[in-house]
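Novice:
Residue numbers (my numbering): 265 to 303.
(1) Helix or strand or just coil, what does DSSP make of residue 297?
(2) Would you tell me roughly how many angstroms separate the C-alpha atoms of residue 265 and residue 276, rounded to the nearest one?
(3) So what's residue 292 in DSSP terms, helix, strand or just coil?
(4) Classify residue 267 as helix, strand or coil using the three-state DSSP reduction.
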């Protein structure tokens with residue numbers, strides 16, 4: 265059993281990979297929401 269072998273210990277790391285363009289419909293929703301807050 266893996267848990268027995270490792271004594272239940274583990275580590276995890278995360279690394280940023282890349283930015284991706286937001287689909288236009290989502291970008292439009294976000295822009296409208298932000299404009300609504302500041303108006």
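For glycine and all other residues, C-beta sits at the position ideal for the given N, C-alpha and C.
Bear in mind the structure is a predicted one, so any value in this text is a computation, not a measurement.
Specialist: Reading off the structure:
(1) By one-based count along the chain shown, residue 297 stands at place 33. Assigned with DSSP and collapsed to three states, residue 297 falls in helix.
(2) What you label residue 265 is simply residue 1 of the chain shown in a count that begins at 1. What you label residue 276 is simply residue 12 of the chain shown in a count that begins at 1. Roughly 20 Å separates the two Cα atoms.
(3) Position 28 of the chain shown holds residue 292. Residue 292 falls in the helix class under three-state DSSP.
(4) For this step, residue 267 is matched to residue 3 along the chain shown. In the structure shown, residue 267 falls within a helical segment according to DSSP collapsed to helix, strand and coil.
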